[in-house]
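In my numbering, the protein residues as written are 1 to 590. This report concerns only the one structure given below.
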Amino acid sequence: MASNTTKSKTSLTEQLKADVPQRNQGGKEKELRGQEGQAAPIDDPLTALRTLSCFKQFNAHELQEILPLSEIRGYPPETVILREGDDSDNRVYFLLTGGVSVYVADNFILKLKRSGDIFGEMSLISQELRSATVKTDEKTTLLELSSALTFDPGARNYYKFRYFFSRMFNTILADKLRMTSERAGMYEHAVRRNEQITEQSVGLQEQIRQHLDQIRVYSHLVQSAKDTIVIINTSGIILEANDALEIAFGIPGHKQTGIAIAELLQIPEKEEQGWPGVFDKASSGGWNGEVLVMHGTKDPIPADCSISLVQNENAEALAYSVIFRDIRERKAFEEKILAQSAELEKINRELRELDRLKDNFMTLVSHELRTPLSSIIAYAEALTIEGMVEPEEQGEFLQTIHSESLRLGELVNKVLSISKIESGQMAFEFKEGRLDELVTYMAANYRPKALSKALQLDVRIDENFHSTHYDPGQIQDVLREILDNALKFTDSGSIRVKATQNETESLIQVQDTGKGMEGNVLIGARNKFDWVENIGHHQSGIGLGLPLSFLIVDAHSGQLELQSAAGEGTTVSIRLPHRPNSRETSSRTM
């Protein structure tokens with residue numbers, strides 16, 4: 001078990017090396033600790049952490065994270081641990097064995113003899129000079145804890161250790177308030193007995209002075225704390241608030257005295273029992289969570305909050321200490337991280353889509369380009385070998401080479417056209433022309449093909465068709481693609497071509513009774529190479545015609561719409577404004 005603990009401590013120490021401030025190795029460190037300060041024989045800080053009351057609220061994992069900040073050291077008698085007027089060394093000291101004395105201006109203030117007594121806690125909240133000198137009375141062992149509150153806010157684990165020290169400080173404060181309450185009771189009792197036991201007056205006066213000085217120290221500690229500290233009674237009414245409430249949140253503390261804590265802080269919705277439930281948890285070990293500081297007419301401010309019960313020596317509830325800190329900066333940082341994560345996920349999805357399209361393109365190239373090239377090469381080689389092809393077959397071979405070359409050229413032209421449009425390099429030639437004449441011409445060209453498949457080809461054109469502004473060559477390519485698909489996928493029935501106009505646009509519709517398209521094919525029809533899912537599908541096309549048609553219609557400020565279902569045919573609608581919004585040669589990319 002000891003080996004596991006040592007290994008865990010070593011790895012955590014290495015992990016936190018970049019975050020924990022390096023201790024001063026110069027003369028000042030030597031002066032504070034004395035010439036004879038040596039590491040004590042006790043070398044198990046984890047056991048010490050588990051023993052101290054202010055760490056009992058931490059679980060085993062949290063203690064392991066605090067462990068690298070802890071160190072046990074032994075000191076001989078008359079060793080100066082802290083010196084009045086020196087800078088804070090950002091360490092908190094817990095007495096394990098022995099005892100120390102506290103001096104202010106070389107005057108004795110008090111002794112600390114009880115195991116678990118604390119000094120140096122001002123380093124948790126303040127960077128001010130030391131206000132007291134602490135010196136050992138005898139051989140003394142201390143647990144020293146480096147304060148994480150001086151970490152760079154940009155460092156790793158910054159907020160986590162601020163949260164740990166906030167919880168620890170809350171427990172320390174509750175214990176000090178309890179001790180102060182106990183000593184105040186002793187003081188009151190001593191005053192009542194003063195008239196009867198005059199011989200003890202000198203000792204009592206000294207004790208009173210010590211208690212008052214201690215009260216002043218803790219009062220200064222509370223008022224100078226960077227965390228907001230609010231003391232409420234057991235009914236939830238605010239009794240006192242430190243200056244940090246106004247400094248951090250702009251809320252005057254004196255104006256909050258006498259109001260319910262629920263008016264200042266809003267607890268999370270997950271606390272179903274509300275403030276009574278929070279008080280129950282605070283009374284049985286403390287409550288930690290996120291709250292909203294109600295800021296008048298301004299938006300509530302999120303804060304980390306810790307609530308603990310303050311008790312007297314008879315375990316009677318005296319008050320609750322409420323400590324909270326503004327976490328807007330942390331929230332903004334978390335939101336930024338989430339936004340960046342979402343953006344990275346979006347980019348990742350786009351990269352995966354590009355990778356899929358790349359694979360589809362490679363499939364297209366390996367099949368659609370290789371097939372006609374293989375035919376061209378095979379037939380050409382046959383023609384070059386003497387006696388391989390009969391004279392009467394040479395014409396057929398040349399015809400095959402010609403048709404496969406046209407097929408290959410069509411594929412290359414479509415790929416180049418899509419690339420040019422997407423890169424803004426395609427030059428569109430917009431002209432005044434009659435769309436009805438173009439529709440009639442294209443339908444007439446396809447009528448023989450329809451008759452060869454026993455299909456009925458109907459054409460309906462509105463009367464009084466007027467000229468519109470478009471690129472005839474590009475729109476002709478779109479109509480050719482749509483009519484090709486209609487004939488290719490329709491085995492029986494009819495193909496209907498309709499052209500109409502209104503005041504703002506022309507509408508061309510091609511409706512067939514063919515196989516139709518399934519939902520996933522219909523959704524991906526706009527994306528180039530999206531149809532290339534398997535080799536067998538290439539028998540029906542290369543998957544570039546419709547994406548190219550979409551781009552051409554987009555460049556005309558128009559819309560191309562598909563309505564289809566498997567087995568129910570397809571209707572393609574082309575809407576072209578009489579005058580496009582822009583004559584730029586580029587189009588929106590898909």
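The beta carbon of each residue, even a glycine, is placed where N, CA and C say it ideally should be.
- When secondary structure is reduced to three states using DSSP, proline 76 falls in the coil class, being assigned neither helix nor strand.
- Glycine 258 places its beta carbon 8 Å or farther from that of leucine 245.
- In this structure arginine 83 does not touch glycine 120 by the C-beta definition: roughly 12 Å separates them, more than the 8 Å allowed.
- Take the alpha-carbon of proline 76 and the one of threonine 140: they are about 6 Å apart.
- Note: tryptophan 275 is not bridge-paired with any residue in the DSSP secondary-structure output.
- When beta bridges are read from the DSSP output, asparagine 107 appears opposite Val104.
- Counting only the Cα atoms, glycine 545 lies some 8 Å from valine 478.
- Collapsing the DSSP output to three states places leucine 112 in a strand.
- In the DSSP annotation of this structure, the continuous segment of the beta strand (DSSP E) that includes proline 302 starts and ends at 301 to 311.
- A Cβ-Cβ distance of about 28 Å is found for the pair asparagine 170 and isoleucine 337, leaving them out of contact under the 8 Å criterion.
- For proline 472, no beta strand (DSSP E) encloses it; the enclosing alpha helix (DSSP H) starts and ends at 472 to 488.
- Look at arginine 91 here: in three-state DSSP terms it is strand.
- Around the CB of asparagine 242, 16 or more other CB atoms lie within 10 Å, so the residue is classed as buried.
- Collapsing the DSSP output to three states places asparagine 314 in coil.
- The Cβ atoms of isoleucine 261 and glycine 277 do not sit closer than 8 Å to each other.
- Within the model, the alpha-carbon separation for leucine 344 versus glutamate 334 is close to 15 Å.
- Per DSSP, the unbroken beta strand (DSSP E) holding arginine 575 starts and ends at 570 to 577.
- Taken through DSSP and simplified to helix, strand or coil, alanine 319 comes out as strand.
- Cβ atoms of leucine 383 and glutamine 394 come within 8 Å of each other, at about 7 Å.
- Secondary structure at phenylalanine 58: coil, using DSSP grouped into helix, strand and coil.
- Contact check for serine 549 against asparagine 581 fails: the beta carbons are separated by 8 Å or more.
- Membership of glycine 545 in any beta strand (DSSP E) is not indicated; the residue belongs instead to the alpha helix (DSSP H) covering 545 to 555.
- For serine 452, the enclosing alpha helix (DSSP H) begins and ends at 435 to 452.
- When the beta-carbon positions are compared, serine 101 and phenylalanine 94 stay at least 8 Å from each other.
- Methionine 388 sits exposed, since fewer than 16 C-beta atoms from the chains shown fall within 10 Å of its C-beta.
- Beta-bridge pairing by DSSP links asparagine 288 to Ser306.
- Nearest in C-alpha terms to isoleucine 475, of all of Met442, Glu463, Phe465 and Ser283, is Met442.
- Excluding the 5 residues flanking it on each side, leucine 177 has same chain C-beta neighbours closer than 6 Å at Val310, in chain order.
- Take arginine 460, set aside five residues on each side of it, and the residues of its chain with a beta-carbon closer than 6 Å to its own are Lys498, in chain order.
- The Cβ neighbour count for serine 146, taken over all protein chains shown within 10 Å, is at least 16; the residue is labelled buried.
- When DSSP states are grouped into helix, strand and coil, glutamine 399 belongs to the helix group.
- Boundaries of the beta strand (DSSP E) harbouring threonine 500: 494 to 501, taken from the DSSP string.
- About 6 Å separates the beta carbons of leucine 129 and aspartate 87, which is inside the 8 Å limit, making them a contact pair.
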